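3 is the number of the first residue of the sequence shown in my numbering; add one for each residue after it.
Where a beta carbon is used, it is the ideal one built from N, C-alpha and C, also for glycine.
In this text, all values refer to a predicted model and were calculated from it rather than measured experimentally.
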Amino acid sequence: MSKTVVLAEKPSVGRDLARVLKCHKKGNGFLEGDQYIVTWALGHLVTLADPEGYGKEFQSWRLEDLPIIPEPLKLVVMKKTGKQFQAVKAQLARKDVKDIVIATDAGREGELVARWILEKAHVKKPLKRLWISSVTDKAIQEGFKRLKDGREYDNLYRSAVARAEADWIVGINATRALTTKFNAQLSCGRVQTPTIAMIAKREEDIQQFQPKPFYGMTAQVDGLTLTWQDAKTKQNRTFQENVIKERLAGCKGKPAVIDALKKTAKKAFAPGLYDLTELQRDAHKRYGFSAKETLSTLQRLYEQHKLVTYPRTDSRFISADIVPTLKDRLKGMNVRPYAQHVNRILQSGVKAHKGFVNDAKVSDHHAIIPTEEELYPGALSDKERKLYDLIAKRFLAVLMNPFEYEETTVIAKIGSETFTAKGKTVQSAGWKAVYDESYEDEESAEADQHLPVLSEGQSLEVRQLKETKGETKPPARFNEATLLSAMENPAAFMQNQEKDLVKTLGETGGLGTVATRADIIEKLFNSFLIEKKGKDIFITSKGKQLLSLVPEDLKSPALTAEWEQKLSKIAKGQLKASQFMSEMKSYAKQAVSEIKQTNQTFKHDNVTGTHCPDCGKLMLKVNGKHGTMLVCQDRECGHRKNVAKKTNARCPNCHKKLELRGEGDGKIFACVCGHREKLSVFEKRKSQSNQKKASKHDVSKYMKKQKKVEEPINNALAEQLKKLKLDQ
3 MSKTVVLAEK PSVGRDLARV LKCHKKGNGF LEGDQYIVTW ALGHLVTLAD PEGYGKEFQS
63 WRLEDLPIIP EPLKLVVMKK TGKQFQAVKA QLARKDVKDI VIATDAGREG ELVARWILEK
123 AHVKKPLKRL WISSVTDKAI QEGFKRLKDG REYDNLYRSA VARAEADWIV GINATRALTT
183 KFNAQLSCGR VQTPTIAMIA KREEDIQQFQ PKPFYGMTAQ VDGLTLTWQD AKTKQNRTFQ
243 ENVIKERLAG CKGKPAVIDA LKKTAKKAFA PGLYDLTELQ RDAHKRYGFS AKETLSTLQR
303 LYEQHKLVTY PRTDSRFISA DIVPTLKDRL KGMNVRPYAQ HVNRILQSGV KAHKGFVNDA
363 KVSDHHAIIP TEEELYPGAL SDKERKLYDL IAKRFLAVLM NPFEYEETTV IAKIGSETFT
423 AKGKTVQSAG WKAVYDESYE DEESAEADQH LPVLSEGQSL EVRQLKETKG ETKPPARFNE
483 ATLLSAMENP AAFMQNQEKD LVKTLGETGG LGTVATRADI IEKLFNSFLI EKKGKDIFIT
543 SKGKQLLSLV PEDLKSPALT AEWEQKLSKI AKGQLKASQF MSEMKSYAKQ AVSEIKQTNQ
603 TFKHDNVTGT HCPDCGKLML KVNGKHGTML VCQDRECGHR KNVAKKTNAR CPNCHKKLEL
663 RGEGDGKIFA CVCGHREKLS VFEKRKSQSN QKKASKHDVS KYMKKQKKVE EPINNALAEQ
723 LKKLKLDQ
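This is how it looks when you write it as structure tokens:
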């Protein structure tokens, strides 16, 4: 009897598929049933070969060897996952296997994971495609009922290959050129370089900002604060102090007369469902989660707990075919603290509307929403609970009625000057009831007051009249949340506001993708191109110098926008991949030529007096995301050691995180509050406080850690940079 191989992207998904398909017989890297054989990758098993794979002459980095443009680019099996590749290959090659179902993630990169395995294994059997947005049993069963012909995704595969090869050709050549030209560990790319440029531009704006004083005035009457408003500009402030002083003098001793009371019925609809970037922003703002932290936690909610839909989505809408499943999704989360709202929605009937249902705004995957899986809050970690709570509340909010209120605007006259005040009376809490009044209204410019009973023509005694002062503020530095926003919409942060550029950036989704932005930010930290102080992100001296050395167009988001636009055309069959690759090769040659011809130099301004124990050269002091370290300035030496490392250990006095400093027996924990203690003392204190039996939660947490499988990232440039030890 012939069988079908089902190829999943990860072991956890493979196990779910196998359970639904009744594949219970265990094998080496696969599970088998009567009809199906389920096997899995570990992320990418196959990648593009490093330059060394094209000849020994490329083992040493030399400027004269550039550009390196192999024809064609070769695929190699990744060393870390070689055994699993052989296991997958063996199942694909079985004589009783008649066809293959690609069940990797439904998207460009997922297609590449599977197709590269098939290409390297030299398998040419008929293909079918499973395209689903969640891995619940129901979603898998329905997905297998409507499998698609694999050939429908050939163009998607071609665009994925073009993306990978273009990044290899441009990234490898530009990085080797910069590194060899300036003898420094420098790297650049079409996404990371414009991201650094935005941070640099923001820092420049802050440094050049000149604060301007502004003035206004307020009047205190019975139970009410009135704010002055310029009759012409309708603004509450002026930059001319003499104007305010004159008008303040004209108001003194006069009553406030209510000129008008304007009452307006208003509605506020719930914010849209989450895509990955919006969820990363919100999780950082509310809980301080890094972008990568949010993605990894979300991945567990998706794969391990099966409580949410596919994480790496760029859509904030669901398609019409999901609407019939909304009741089941609500029933799955019908536990505290959501039960009250769930029951209210179910009793009144689920109402879908265009505010969150729009087929045209859903591409590969819809917004992140709960699945039908039953929720057991106690099975989740603290981070998982917090993230699920954000998703669940946003889901409930869009299904609830709008927030309705009556806004009252008070317009009063003191002499000839106009003063205003605003008040809000809630008519129906609507969706805001989900947030227990904790939802922040970021658009509210003027504080609402509890207004007393007033009538037009009423005269009120002014108890206090005073001048107010303030200063204009510079733009805020980026944190991870606002940097994600900038990467998603870089045109808003660029000086060049050409219509074509803005349109292209809007169509392509900005810099990087929802799936890659977290890794890009992490890489910039690990490469010491940016650093974090508190929550704020600063560009380092190394980052500034890099921007002065790279070709100009690599600093602009227009380049990556144009690439993504062309990759999208390849995926739609509107552009040949060969044409795109020809342009990329020409660009790589041009970039290398510019770097070779520059007369600029790179200067390390973080040189210390410490000599490298391996080569004797002076070492550099760098502030990584996880602490301070010394790094040899000679890239070929590469010696490094930790000086101070940020830890999760807490200070016994102020409970802030401690920093571990020093080496060997001299290691000490230090806190910003001044607390110091030797590592040995800390460990003794810790062991005394931990002399208790492990809880079920601790055991469960430990077992989960043991089950984790390292999933390598497919990125030839990342593998190349790893040899420079940038991520240590």
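- Taking C-beta separations shorter than 8 Å and ignoring five residues to either side along the sequence, the partners of residue 190 in its chain run 173, 176, 177, 180, 548, 552, 556, following chain order.
- Proximity of the segment 406 to 417 to the segment 252 to 263 meets the contact definition, three or more beta-carbon pairs being nearer than 8 Å.
- Look at the beta carbons and you see the segment 381 to 392 not touching the segment 201 to 217: under three pairs across the two are nearer than 8 Å.
- DSSP, read as helix, strand or coil, puts residue 279 in helix.
- One Cα belongs to residue 609, the other to residue 208, and the distance between them is close to 27 Å.
- Burial state of residue 241 is exposed, judged by a 10 Å Cβ sphere holding fewer than 16 other Cβ atoms.
- By the beta-carbon neighbour count (other beta carbons within 10 angstroms, threshold 16), residue 252 is exposed.
- Taking a C-beta distance under 8 Å as the contact criterion, residue 368 and residue 320 qualify as a contact pair.
- Every alpha helix (DSSP H) of 4 residues or more that sits fully in the segment 527 to 612 is shown, in chain order, as 543 to 551, 559 to 573, 579 to 599.
- Taking each of 69, 218, 52, 232 in turn and checking the Cα distance to residue 596, the smallest one comes out for 69.
- In the displayed model, residue 231 falls within a strand according to three-state DSSP.
- Between the C-alpha atoms of residue 376 and residue 386 there is a straight-line separation of about 15 Å.
- Distance from the CA of residue 18 to the CA of residue 673, rounded to the nearest whole angstrom, comes to 46 Å.
- Nearest to residue 155 by C-alpha distance, out of 116, 81, 598, is 116.
- For residue 255, the closest of 297, 463, 346 by C-alpha to C-alpha distance is 463.
- Of the candidates 688, 657, 641, 541, 541 places its Cα closest to the Cα of residue 205.
- Listed in chain order, the non-local C-beta contacts of residue 308 below 8 Å within the same chain comprise 18, 136, 137, 138, 373, 375, local neighbours out to five positions each way being set aside.
- Sorting 431, 488, 160 by C-alpha distance to the C-alpha of residue 201 places 488 at the top.
- Ranking 370, 428, 184 by CA distance to the CA of residue 400 puts 370 first.
- The alpha-carbon of residue 110 is positioned some 18 Å away from that of residue 520.
- Cβ contact annotation for residue 286 (same chain, cutoff 6 Å, sequence separation greater than five): 482, 483, in chain order.
- Beta-bridge pairing by DSSP links residue 427 to 408.
- Relative to the Cα of residue 234, the nearest Cα in the group 141, 420, 574 belongs to 420.
- Spanning the alpha carbons of residue 237 and residue 218 requires a straight line of approximately 9 Å.
- Between the segment 96 to 104 and the segment 126 to 134, the count of C-beta pairs closer than 8 Å reaches three or more; the two stretches touch.
- Proximity to residue 589 across 192, 271, 188 peaks at 192, based on C-alpha coordinates.
- Sequence-distant partners of residue 318 (beyond 5 residues in either direction) whose C-beta falls short of 6 Å from its own C-beta, in its chain, are 274, 275, 277, 369.
- Beta-bridge partners of residue 79 (DSSP): 48.
- Taking C-beta separations shorter than 7 Å and ignoring five residues to either side along the sequence, the partners of residue 30 in its chain run 89, following chain order.
- In terms of Cβ geometry, residue 79 and residue 114 do not form a close pair [threshold 8 Å].
- In this structure, 348 is the residue among 295, 281, 546, 348 with its C-alpha nearest to the C-alpha of residue 327.
- Every beta strand (DSSP E) stretch that sits fully inside the segment 103 to 176 and reaches 3 residues is listed by chain position as 129 to 131.
- Spatial neighbours of residue 677 in its own chain (CB-CB distance under 6 Å, excluding positions within 5 residues in sequence) are listed in chain order as 653, 655.
- Pairing residue 530 with residue 544 gives a Cβ-Cβ distance under 8 Å.
- Shown here for residue 97: not one same chain residue has a beta carbon closer than 6 Å to its own, the five before and five after excluded.
- When the alpha-carbon of residue 408 is set against those of 460, 267, 473, the nearest one is in 267.
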